[in-house]
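Engineer:
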Amino acid sequence: MSDTNGTSGLFIVIGKQLKILRERKGLTQKEFGALVNYGPDAISAMERGVRTPQPDLLEKAEELLDAGGLLREVVPEVREEMSKARTRHPEWYRNYAGLEAEAVELHFYANNGVPGLLQTEEHARTVFGKRRPFLDEATIEKRVADRLSRQQVFERWPAPIVSYVLEEHVLDRPIGGRRVHAEQLRRILQVGQMQNVEIQVMPTTMEEHPNLDSAFNLLMPKGHGQVAYTETQGHPRLIVDPEEVRKIADRYGIMRAMALSPAETRKLIESKLEEL
Numbered sequence: 011m012s013d014t015n016g017t018s019g020l021f022i023v024i025g026k027q028l029k030i031l032r033e034r035k036g037l038t039q040k041e042f043g044a045l046v047n048y049g050p051d052a053i054s055a056m057e058r059g060v061r062t063p064q065p066d067l068l069e070k071a072e073e074l075l076d077a078g079g080l081l082r083e084v085v086p087e088v089r090e091e092m093s094k095a096r097t098r099h100p101e102w103y104r105n106y107a108g109l110e111a112e113a114v115e116l117h118f119y120a121n122n123g124v125p126g127l128l129q130t131e132e133h134a135r136t137v138f139g140k141r142r143p144f145l146d147e148a149t150i151e152k153r154v155a156d157r158l159s160r161q162q163v164f165e166r167w168p169a170p171i172v173s174y175v176l177e178e179h180v181l182d183r184p185i186g187g188r189r190v191h192a193e194q195l196r197r198i199l200q201v202g203q204m205q206n207v208e209i210q211v212m213p214t215t216m217e218e219h220p221n222l223d224s225a226f227n228l229l230m231p232k233g234h235g236q237v238a239y240t241e242t243q244g245h246p247r248l249i250v251d252p253e254e255v256r257k258i259a260d261r262y263g264i265m266r267a268m269a270l271s272p273a274e275t276r277k278l279i280e281s282k283l284e285e286l
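Written out as structure tokens, the structure reads:
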């Protein structure tokens, strides 16, 4: 899982330091996460070195954990590694991953599964663990780490504009079991509370809408026109033709108008949580 430039090794060491300091303070991952505005899954990923600890988190942790300069001293190295780190994704995915990381707008329609940027660590691990043909443990862990690393897009500033339209049945499949599924629903609620994010559900009772086809992503790369991305059975397609992108964006706009509002969506997800 280590990059050839040693970046992962640095983050593994920092993660171990965070864990030791947190435990010395008698804080659980959930308690510490609440103090620094991160979820327990994110803290767990940082402590295991599979997610980059942001400089602002290290600055906060320095004071909260009485680190004696231990965390503050590594902030310059973290910033340097973040600036030169290469995208850790398969070759066929790297163009999109790079665009996603710097996009000023991101819009997603999901009709089969929870989008990667919304997935919890355990949900992602279950998804990769059920792949056929089977993936070995090292590959699963690397793919989970890569998926979590993409979620740093939510921590960027200036923050990108993000929206989702999720088919309701995506929220009903209890991937990983009841506990994992409940955490996944809570994660969606958590992200939906972000000022720059709007999540909407397309009710299963909706008889029809303009895209009874595959999932897609729309993104506006910094300094470029909008592009679209689709993936079917592992075959990716990055769409840059303006007319084709316009048609997909038009469908997405109509679907957003037909879907539940963000407030209605939140109530629906909360009711599903109560039923678990």
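Add 10 to a position in the sequence shown, counting from 1, and you land on the number used in this note's numbering. Think of the CB as a built atom: it goes at the ideal place given N, C-alpha and C, for glycine as much as any other residue. Small disclaimer: the values here were computed from a predicted structure and weren't measured.
In the DSSP output, which residue or residues are listed as bridge partners for Met-212?
Structural biologist: In the sequence shown, the residue the question calls residue 212 occupies position 202. For Met-212, which the question treats as bridged, DSSP gives the partners Glu-177.
Engineer: According to DSSP, is Thr-7 part of a helix, a strand, or is it coil?
Structural biologist: No information on residue 7 is available, as it lies outside the stretch 11 to 286 that the chain covers here.
Engineer: Go ahead and label Ser-281 buried or exposed: buried means 16 or more other beta carbons lie within 10 angstroms of its beta carbon, across all protein chains shown.
Structural biologist: Looking up residue 281 in the sequence shown gives position 271. Result: exposed.
Engineer: Of all the options Glu-178, Arg-34, Glu-165, which has the alpha carbon lying nearest to the alpha carbon of Val-46?
Structural biologist: Position 36 of the sequence shown, counted from the start, is the residue given in the question as residue 46. Selected option, being the one with the closest Cα: Glu-165.
Engineer: Can you give me the start and stop residues for the beta strand (DSSP E) that His-316 sits inside?
Structural biologist: Only positions 11 to 286 of the chain appear in the structure, and residue 316 is not among them; the question remains open.
Engineer: Distance, Cα to Cα, Gly-108 vs Leu-270?
Structural biologist: The residue you call residue 108 lines up with position 98 of the sequence shown. The residue you call residue 270 lines up with position 260 of the sequence shown. Their Cα atoms are separated by approximately 31 Å.
Engineer: Expressed to the nearest angstrom, what Euclidean distance is found between the alpha-carbon atoms of His-179 and Asn-121?
Structural biologist: Translated into the one-based positions of the sequence shown, residue 179 becomes position 169. Translated into the one-based positions of the sequence shown, residue 121 becomes position 111. Cα-Cα distance, rounded: 8 Å.
Engineer: Could you give the distance in angstroms between the alpha-carbon of Gly-19 and the alpha-carbon of Asp-146?
Structural biologist: Mapped onto the sequence shown, residue 19 falls at position 9. Mapped onto the sequence shown, residue 146 falls at position 136. Looking at the two C-alpha atoms, the distance is approximately 21 Å.
Engineer: Report the rounded CA-to-CA distance for His-234 versus Pro-65, giving the unit in angstroms.
Structural biologist: The residue you call residue 234 lines up with position 224 of the sequence shown. The residue you call residue 65 lines up with position 55 of the sequence shown. Each residue's alpha carbon lies about 28 Å from the other.
Engineer: Using only CA atoms, which one of Leu-80, Phe-144, Ser-159 lies nearest to Asp-51?
Structural biologist: Taking the sequence shown and counting its residues from 1, the one referred to as residue 51 is at position 41. Comparing Cα-Cα distances from Asp-51 to each of Leu-80, Phe-144, Ser-159, the minimum goes to Ser-159.
Engineer: By the 10 Å Cβ neighbour count, where 16 or more other Cβ atoms means buried, how is Asp-251 classified, buried or exposed?
Structural biologist: Position 241 of the sequence shown, counted from the first residue, corresponds to residue 251. The residue in question, Asp-251, is exposed, as its Cβ has fewer than 16 Cβ neighbours within 10 Å.
Engineer: One question on the structure: do Ala-113 and Met-265 come within less than 7 Å of each other, judged by their Cβ atoms?
Structural biologist: Translated into positions along the sequence shown, residue 113 becomes position 103. Translated into positions along the sequence shown, residue 265 becomes position 255. Going by C-beta atoms, Ala-113 is not nearer than 7 Å to Met-265.
Engineer: Measure the alpha-carbon distance for Pro-170 versus Asp-260 and round it to whole angstroms.
Structural biologist: As a first step, residue 170 is located in the sequence shown; it is residue number 160 there, counting from the start. As a first step, residue 260 is located in the sequence shown; it is residue number 250 there, counting from the start. Taking the straight line joining both Cα atoms gives about 20 Å.
Engineer: Taking its Cβ as the centre, do 16 or more other Cβ atoms sit within 10 Å of Ala-155, making it buried, or is it exposed?
Structural biologist: Counting from one through the sequence shown, the residue named residue 155 turns up at place 145. By the 10 Å Cβ count, Ala-155 comes out buried.
Engineer: So Arg-82 and Leu-68 are supposed to be a Cβ contact under 8 Å. How far apart are they, rounded?
Structural biologist: For the purposes of this step, residue 82 is taken as the residue at position 72 of the sequence shown. For the purposes of this step, residue 68 is taken as the residue at position 58 of the sequence shown. Yes, Arg-82 and Leu-68 are in contact; Cβ-Cβ is about 7 Å, under 8 Å.
Engineer: Verify whether the separation of the beta carbon atoms of Val-175 and Tyr-119 is less than 7 Å.
Structural biologist: If you number the sequence shown from 1, residue 175 lands on position 165. If you number the sequence shown from 1, residue 119 lands on position 109. For Val-175 and Tyr-119, yes; Cβs fall inside 7 Å.
Engineer: Rounding to the nearest angstrom, what Cα-Cα distance links Arg-183 and Gln-161 in this structure?
Structural biologist: Locating residue 183 in the sequence shown gives position 173, where the first residue counts as 1. Locating residue 161 in the sequence shown gives position 151, where the first residue counts as 1. Roughly 22 Å between the two C-alpha positions.
Engineer: Answer yes or no: does any C-beta atom of chain B fall closer than 7 Å to that of Ile-22?
Structural biologist: Of the protein chains in this structure there is only one, and it is not chain B.
Engineer: So Pro-143 is in the alpha helix (DSSP H); what residue range does that whole segment cover?
Structural biologist: By 1-based counting over the sequence shown, the position of residue 143 is 133. It is not in any alpha helix (DSSP H) - Pro-143 carries neither H nor E in the DSSP assignment.
Engineer: May I have the straight-line CA-CA distance separating Val-84 from Gly-36, to the nearest angstrom?
Structural biologist: Position 74 of the sequence shown, counted from the start, is the residue given in the question as residue 84. Position 26 of the sequence shown, counted from the start, is the residue given in the question as residue 36. For Val-84 and Gly-36, the distance between alpha carbons rounds to 23 Å.
Engineer: Who are the Cβ neighbours of Ile-22 in its own chain at under 6 Å, not counting the five residues just before and after it?
Structural biologist: Residue numbering aside, residue 22 sits at position 12 when the sequence shown is read from its first letter. The residues are Gly-59.
Engineer: Looking only at C-alpha atoms, which of Thr-62, Glu-33, Tyr-48 sits nearest to Ile-24?
Structural biologist: As a working mapping, residue 24 is identified with position 14 in the sequence shown. Ile-24 has its Cα closest to that of Thr-62, out of Thr-62, Glu-33, Tyr-48.
Engineer: According to DSSP, is Leu-228 helix, strand or coil?
Structural biologist: As a working mapping, residue 228 is identified with position 218 in the sequence shown. In this structure, Leu-228 counts as strand in the three-state DSSP scheme.
Engineer: To the nearest angstrom, how far is the alpha carbon of Leu-128 from that of Ile-198?
Structural biologist: In the sequence shown, residue 128 corresponds to position 118, counting from 1. In the sequence shown, residue 198 corresponds to position 188, counting from 1. Those two C-alpha atoms are separated by around 6 Å.
Engineer: Grouping DSSP H, G and I as helix and E and B as strand, with all else coil, what is Pro-252?
Structural biologist: For the purposes of this step, residue 252 is taken as the residue at position 242 of the sequence shown. In this structure, Pro-252 counts as helix in the three-state DSSP scheme.
Engineer: Go ahead and pull the three-state DSSP assignment for Arg-157.
Structural biologist: Residue 157 sits at position 147 when you count from the first residue of the sequence shown. DSSP places Arg-157 in helix when its eight states are reduced to three.
Engineer: Who are the Cβ neighbours of Pro-220 in its own chain at under 7 Å, not counting the five residues just before and after it?
Structural biologist: As a working mapping, residue 220 is identified with position 210 in the sequence shown. Once the five neighbours on either side are set aside, the close Cβ partners of Pro-220 are Arg-261, Ile-264, Met-265.
Engineer: For Pro-170, does the three-state DSSP call read helix, strand or coil?
Structural biologist: Numbered from its first residue, the sequence shown carries residue 170 at position 160. It is coil, neither helix nor strand.
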